[in-house]
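**Student:** Quick one: the structure is below, questions incoming.
Chains as they are written, first to last, in the numbering used here: chain A, 1 to 158; chain B, 159 to 439.
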């Protein structure tokens, strides 16, 4: 049985790189990622209540709001953050479609869009909207974000 | 954020989970079982909830069962809501559970976490409330016991201290024999807690059963309301109106809507559901 009762070193795999980090048992993944030890500040703290999606990362390819995941839960799992999306089609699509204004929500949307493109072949518009509804953009760039994600999910249409 | 200090345990077996819970409780600690964690962590952030240890059940194989077992559909308590939808073993459950929260969050919420939530909604229970055959498999000091859902559900799933939900089952024939509709009505946004979620089943004998979430502080079904809804000689609109005025509880008034608005939305939605179900016969 795995147990964590005090600050302890755990092994994580983030963006395909193994790393050891000391965590508290009650520490969220968002906090661990953004902490000094890892310094991965791409996942943004927004509501820290599971509502806004700005902190979304992928765990074994599945989008998760990292403010609602304990780091202790994801030891030995593959974690992908926005820093691991360099040179991916979704990143290019967001630039091409100008799918951001202030940019605070962008990393969360990028992660959801990337996961959708990887996970669901030919996602329908309804499915795409359903996935994107997990995130909030206070600048309301929703149409451009939808267009960017769609252009990756359905490259033949763009 | 580091939520308030607590210890984390991730047992691999039912026995180990029960044992660590018992040990911690004996030491005067306050352990809780942990599924997807969404509710525990968000409440913890608000300094709500009294616990100093979490026991993560998701690594226990029995809580991850998901499939058909001797004619029974079995849904492990550790199965995530998106996994329920993607397998779509029981479309009535999919239709109801797939409207809880948002897609990403459903990838974290487990079935057991929703059924045993402290929030009033717990929509995933609705289809099970409309069956005769649903059982809850509960781990406790006497091993895993299968209990009829109707025997342990009274406003909530009533488990004894130290027990936890392993899985829920429903007879496959009964589940397949139900025509259904499940609609979640929200005040404004698609993603929100329900003003009311209505799950309706037309059973093989033609009788109608309905279960409601959001109307009261807990999900419920009512044999009296079901009797009214089954009087098919009356119009759908008449039955829906009589059902709404015969509910066992008054509708809530809260931030999502007034009592009157809930009644209006419920009556309107119920009328449409009855018409749809009966048109599809």
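Don't be surprised by glycine CBs; every beta carbon is placed ideally from N, CA and C.
Please confirm whether residue 265 of chain B has its beta-carbon closer than 7 Å to some beta-carbon of chain A.
**Tutor:** Taking Cβ atoms only, chain A reaches closer than 7 Å to residue 265 of chain B, which makes this a yes.
**Student:** Rounded to a whole number of angstroms, what is the C-alpha to C-alpha distance between residue 164 of chain B and residue 266 of chain B?
**Tutor:** The straight-line gap from Cα to Cα measures roughly 20 Å.
**Student:** CA-CA distance, residue 401 of chain B and residue 315 of chain B?
**Tutor:** Near 25 Å, if we compare the C-alpha coordinates of residue 315 of chain B and residue 401 of chain B.
**Student:** Just to confirm, is the Cβ distance from residue 354 of chain B to residue 372 of chain B under 7 Å?
**Tutor:** Cβ atoms of residue 354 of chain B and residue 372 of chain B: closer than 7 Å.
**Student:** State yes or no: is the C-beta of residue 457 of chain B within less than 7 Å of the C-beta of residue 360 of chain B?
**Tutor:** This structure cannot settle anything about residue 457 of chain B, because the visible part of chain B is limited to 159 through 439.
**Student:** By the three-class DSSP mapping on this structure, what secondary structure does residue 358 of chain B have?
**Tutor:** The answer is strand: DSSP assigns residue 358 of chain B an E or B state.
**Student:** Can at least three beta-carbon pairs, one atom from the segment 197-213 of chain B and one from the segment 65-78 of chain A, be found at a separation below 8 Å?
**Tutor:** The answer is yes - the segment 65-78 of chain A touches the segment 197-213 of chain B, with three or more Cβ pairs under 8 Å.
**Student:** Report the rounded CA-to-CA distance for residue 51 of chain A versus residue 135 of chain A, giving the unit in angstroms.
**Tutor:** Spanning the two alpha carbons is a distance of roughly 7 Å.
**Student:** Hey, is residue 313 of chain B close to the ligand PLP, as in C-beta under 6 Å from one of its heavy atoms?
**Tutor:** Within the structure as shown, the ligand PLP is missing, as the structure has no ligands at all.
**Student:** Going by C-alpha distance, which of A:42, A:61, A:142 is nearest residue 54 of chain A?
**Tutor:** That would be A:42, whose Cα lies nearest to the Cα of residue 54 of chain A.
**Student:** Any beta carbon of chain B sitting closer than 7 Å to that of residue 5 of chain A?
**Tutor:** Answer yes: the Cβ-Cβ gap between residue 5 of chain A and chain B drops below 7 Å somewhere.
**Student:** Is the beta carbon of residue 47 of chain A less than 7 Å from the beta carbon of residue 102 of chain A?
**Tutor:** No.
**Student:** Residue 325 of chain B by DSSP, collapsed to three states: which one?
**Tutor:** Looking at residue 325 of chain B - three-state DSSP - the assignment turns out to be strand.
**Student:** By the three-class DSSP mapping on this structure, what secondary structure does residue 19 of chain A have?
**Tutor:** Residue 19 of chain A falls in the strand class under three-state DSSP.
**Student:** Cβ of residue 110 of chain A within 7 Å of Cβ of residue 132 of chain A?
**Tutor:** Taking 7 Å as the Cβ cut-off, residue 110 of chain A and residue 132 of chain A do not qualify as a contacting pair.
**Student:** Report the residue from B:294, B:340, B:262 whose alpha carbon sits nearest the alpha carbon of residue 285 of chain B.
**Tutor:** Per the Cα distances, B:340.
**Student:** From the beta carbon of residue 133 of chain A, is the nearest beta carbon of chain B less than 7 Å away?
**Tutor:** Yes - at least one Cβ of chain B is within 7 Å of the one on residue 133 of chain A.
**Student:** Between residue 257 of chain B and the rest of its own chain, which residues show a CB-CB distance below 6 Å, the 5 nearest in sequence each way excluded?
**Tutor:** Within the same chain, residue 257 of chain B has close Cβ partners 342.
**Student:** Quick check on residue 349 of chain B - is its C-beta less than 7 Å from some C-beta in chain A?
**Tutor:** Yes, contact with chain A.
**Student:** Can you name, in chain order, every residue of its own chain whose Cβ lies under 6 Å from the Cβ of residue 303 of chain B, other than the five neighbours on each side?
**Tutor:** So the list reads 296, once near-sequence residues are dropped.
**Student:** Please name the residue, chosen from B:430, B:320, B:347, that lies closest to residue 173 of chain B on a Cα-to-Cα basis.
**Tutor:** Taking only the C-alpha atoms, the option nearest residue 173 of chain B is B:320.
**Student:** On the DSSP letters alone, give me the boundaries of the beta strand (DSSP E) that residue 305 of chain B sits inside.
**Tutor:** Segment 301-306, the beta strand (DSSP E) holding residue 305 of chain B.
**Student:** I'd like to know if the segment 30-45 of chain A and the segment 225-236 of chain B are in contact, where contact means that at least 3 CB-CB pairs between them fall below 8 Å.
**Tutor:** Touching, no.
**Student:** Buried or exposed for residue 25 of chain A, please, with buried defined as at least 16 other CB atoms from any protein chain shown within 10 angstroms of its CB.
**Tutor:** The residue is buried, with at least 16 neighbouring Cβ atoms inside 10 Å.
**Student:** Going by other Cβ atoms of all chains shown within 10 Å of its Cβ, with 16 needed for buried, is residue 162 of chain B buried or exposed?
**Tutor:** The residue is exposed, with fewer than 16 neighbouring Cβ atoms inside 10 Å.
**Student:** Nearest-angstrom Cα distance between residue 21 of chain A and residue 8 of chain A?
**Tutor:** Cα-Cα distance, rounded: 8 Å.
**Student:** Evaluate the contact criterion for the segment 410-426 of chain B versus the segment 316-336 of chain B: three or more CB pairs, one atom per stretch, below 8 Å.
**Tutor:** In short, these stretches do not touch, since the Cβ pair count stays below three.
**Student:** Thinking C-alpha only, which one of A:113, A:99, A:10 is nearest residue 182 of chain A?
**Tutor:** Lying before the first or after the last residue shown, residue 182 of chain A is absent from chain A, which here runs from 1 to 158.
**Student:** Applying the criterion that 16 or more other CB atoms from any shown protein chain within 10 Å of the CB defines a buried residue, is residue 260 of chain B buried or exposed?
**Tutor:** Under this definition residue 260 of chain B is a buried residue.
**Student:** Quick one: Cα of residue 195 of chain B to Cα of residue 271 of chain B, how far?
**Tutor:** Their Cα atoms are separated by approximately 8 Å.
**Student:** Residue 160 of chain A versus chain B: which residues are under 8 Å apart at the beta carbon?
**Tutor:** Here chain A covers residues 1 to 158 and nothing more, so residue 160 of chain A does not appear.
**Student:** Any idea if residue 248 of chain B is buried or exposed, counting beta-carbon neighbours within 10 angstroms, 16 or more meaning buried?
**Tutor:** Its Cβ being crowded by 16 or more others within 10 Å, residue 248 of chain B is buried.
**Student:** May I have the straight-line CA-CA distance separating residue 34 of chain A from residue 83 of chain A, to the nearest angstrom?
**Tutor:** Roughly 12 Å separates the two Cα atoms.
**Student:** Among the residues of its own chain, which have a CB less than 6 Å from the CB of residue 187 of chain B, if the five just before and after it don't count?
**Tutor:** Around residue 187 of chain B: 210, 211.
**Student:** Got a sec: is the Cβ-Cβ distance from residue 155 of chain A to anything in chain B below 7 Å?
**Tutor:** For residue 155 of chain A, the answer is no, since every Cβ of chain B falls outside 7 Å of its Cβ.
**Student:** Find the nearest neighbour of residue 374 of chain B within the set B:322, B:412, B:433, judged by alpha-carbon distance.
**Tutor:** It is B:412 whose Cα lies nearest to the Cα of residue 374 of chain B.
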